[in-house]
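Residue numbers (my numbering): 563 to 825.
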Amino acid sequence: ILMNKGIFNFRDELAEEVGRVFFNFLNDFRPNKIFSSKFEKDSNFIEQVNLMNQTFSSTIFINFEHIIQFSDELSDIIEEQYQRIELYISEALDEFINKNLGTKKIFLKKKNKKYWVGFYNLPFITSLSSHTSKFLNKLICISGIVTRISEPYPQLIYGSFICENYDCRFKIEYVEQFLEYKEPKICPKCHNINTWTLLFENSIFIHYQKIRIQEISNGISSSEIPLTFDLFLKEDLVDIVKPGDKCFFNGFLTAFPRRLKNF
């Protein structure tokens with residue numbers, strides 16, 4: 563655990579190595595013409611980043627087959643431990659953007675801007691009924707029909723806090739939030755408990771949208787009730803689907819607290 567000016571970070575050595583290899587992928591990868599479709603354009607991630615800057619996007623979309631071509635080991639770790647390494651590949655994208663945009667970075671230079679990596683063309687597509695706890699935290703592709711959508715809303719993902727003790731005023735920055743609001747438990751300087759104020763200007767918020775998808779009814783008997791999943795879409799994926807759409811969704815499966823409100 564590293565502590566630097568109120569920033570507490572647990573560093574995962576394996577995930578950091580994945581981030582370094584992913585940066586090398588962004589920097590060095592050239593698709594193998596033998597395995598690529600003749601209709602597929604060459605992957606130029608610098609062009610994609612420039613387009614992100616022009617269109618105010620925060621997500622780069624990557625063909626997962628290119629990850630497999632670059633490194634079987636990298637693709638296996640991304641698939642098997644996606645939730646664990648997601649932050650680190652986002653940091654690698656941040657480093658790649660800083661290296662290649664330089665003074666041209668306008669929108670992407672915005673303070674507290676968060677970047678995301680979206681994968682498509684995963685090797686397997688599965689139905690809702692096939693998912694069990696063994697798929698938790700893994701990168702998967704599922705198919706379903708959208709039945710409900712919520713209004714988009716801002717979601718805190720990294721919160722910065724200041725101790726409310728006026729003799730202390732210790733700051734802790736970028737505390738990760740996951741589906742529910744969490745403050746630090748104790749101030750490491752004055753040892754006060756639960757006395758924190760959120761610093762909005764130093765925190766990171768993103769756009770979220772909750773949707774519900776239902777199992778596509780092919781092969782389901784009339785006596786069976788189709789399964790449903792609740793999904794959370796973020797940033798560039800918000801407001802692009804509507805009820806009735808049949809879609810493929812790439813992401814990770816996770817359990818969330820029961821006290822979270824339903825639709």
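By construction, the Cβ of each residue, glycine as well, lies at the ideal position given by its N, Cα and C atoms.
For LYS708, the residue or residues it bridges with in DSSP: Inspection of the sequence shows that residue 708 is occupied by Val rather than by Lys. Answer by DSSP bridge pairing, in chain order: ILE775.
For SER722, the first and last residue of its enclosing beta strand (DSSP E): Note, SER722: beta strand (DSSP E), 715-725.
Nearest-angstrom Cα separation, counted from SER722 out to PHE762: PHE762 and SER722 have their alpha carbons spaced roughly 7 Å apart.
Spatially closest choice to ALA817 from VAL803, PHE794, GLY680 and GLU745, by CA coordinates: For the residues VAL803, PHE794, GLY680 and GLU745, the minimum Cα distance to ALA817 belongs to PHE794.
Same chain only: Cβ atoms within 6 Å of ASN683, ignoring 5 sequence neighbours per side: Closer than 6 Å at Cβ, skipping near neighbours: ASN625, PHE626 and GLU627.
Straight-line gap, SER692 to GLN643 (C-alpha atoms, nearest Å): Distance between the alpha carbons of SER692 and GLN643 is about 19 Å.
Classification of GLU777 by the beta-carbon crowding that lies within 10 angstroms, buried from 16 upward: Buried: at least 16 other Cβ atoms inside 10 Å.
As assigned by DSSP and simplified to three states, the class of GLY505: Since the first and last residues shown for the chain are 563 and 825, residue 505 lies out of range.
Rounded straight-line distance, which links the Cα of PHE681 to that of ILE766: Distance between the alpha carbons of ILE766 and PHE681 is about 23 Å.
VAL737 beta carbon less than 7 Å from that of GLN771: Contact flag unset, no.
HIS628, DSSP secondary structure in three states: If DSSP states are grouped into helix, strand and coil, HIS628 belongs with the helices.
Element boundaries [beta strand (DSSP E), containing LYS700]: Counting along the chain, LYS700 falls outside any beta strand (DSSP E), and DSSP gives it neither H nor E.
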